[in-house]
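Undergrad: There's a structure below that I have some questions on.
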Amino acid sequence: MPVKRQTTPKKQADFEEFEATELYCGQCRRAVPVRKYLLLVLPEGDKYEYRCQFCGSTVGDKIDHNGDFYRILKT
Numbered sequence: 007m008p009v010k011r012q013t014t015p016k017k018q019a020d021f022e023e024f025e026a027t028e029l030y031c032g033q034c035r036r037a038v039p040v041r042k043y044l045l046l047v048l049p050e051g052d053k054y055e056y057r058c059q060f061c062g063s064t065v066g067d068k069i070d071h072n073g074d075f076y077r078i079l080k081t
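Residue numbers for the sequence shown follow this note's numbering, beginning at 7 and rising by one.
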């Protein structure tokens with residue numbers, strides 16, 4: 007008789023991606039609200055840059071593989 011293997015259903019992720027609202031700014035020396043700017047449209051996704059709302063310095067970046075501009079290049 008064949009043995010039935012019990013498979014566990016794949017757990018769905020609780021989130022797809024994070025969206026930063028505050029990051030640490032080295033210039034201001036504290037956590038600050040940030041703005042997200044589209045930097046590049048790449049074959050692997052849209053590259054965004056996070057900038058401090060107060061001084062404008064770059065505090066981080068992100069590649070969005072599900073972005074609007076990425077879908078345009080894919081088609």
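C-beta atoms are modelled at their ideal positions from N, C-alpha and C, and glycine is treated no differently.
Measure how close the beta-carbons of T27 and V40 come, nearest whole angstrom, since I'm counting them as under 8 Å.
TA: The residue given as residue 27 occupies position 21 in the sequence shown. The residue given as residue 40 occupies position 34 in the sequence shown. Correct: roughly 7 Å between the Cβ atoms.
Undergrad: Distance, Cα to Cα, R57 vs V38?
TA: One-based indexing of the sequence shown puts residue 57 at position 51. One-based indexing of the sequence shown puts residue 38 at position 32. If you take the alpha carbons of R57 and V38, they lie about 9 Å apart.
Undergrad: Let's test the definition: count the other Cβ atoms within 10 Å of the Cβ of G51 and tell me whether it reaches 16, buried, or not, exposed.
TA: Walking along the sequence shown from the start, residue 51 turns up at place 45. Per the 10 Å Cβ criterion, buried.
Undergrad: Using the C-alpha atoms, what's the distance from C61 back to Q33?
TA: Here the question's residue 33 lines up with position 27 in the sequence shown. Here the question's residue 61 lines up with position 55 in the sequence shown. Whole-angstrom Cα-Cα distance: 7 Å.
Undergrad: Is E55 close to chain C? Criterion is C-beta to C-beta, closer than 8 Å.
TA: The structure shown contains no chain C; it holds only a single protein chain.
Undergrad: Roughly how many angstroms lie between the CA atoms of K53 and E25, to the nearest whole one?
TA: Reading the sequence shown from its first residue, position 47 is the one you call residue 53. Reading the sequence shown from its first residue, position 19 is the one you call residue 25. Using only the alpha carbons, I get a separation of about 13 Å.
Undergrad: Less than 6 Å between C-beta atoms, sequence neighbours within five positions excluded: which residues of the same chain meet that for I69?
TA: The count along the sequence shown starts at 1 and reaches residue 69 at position 63. Correct list, in chain order: G51 and K53.
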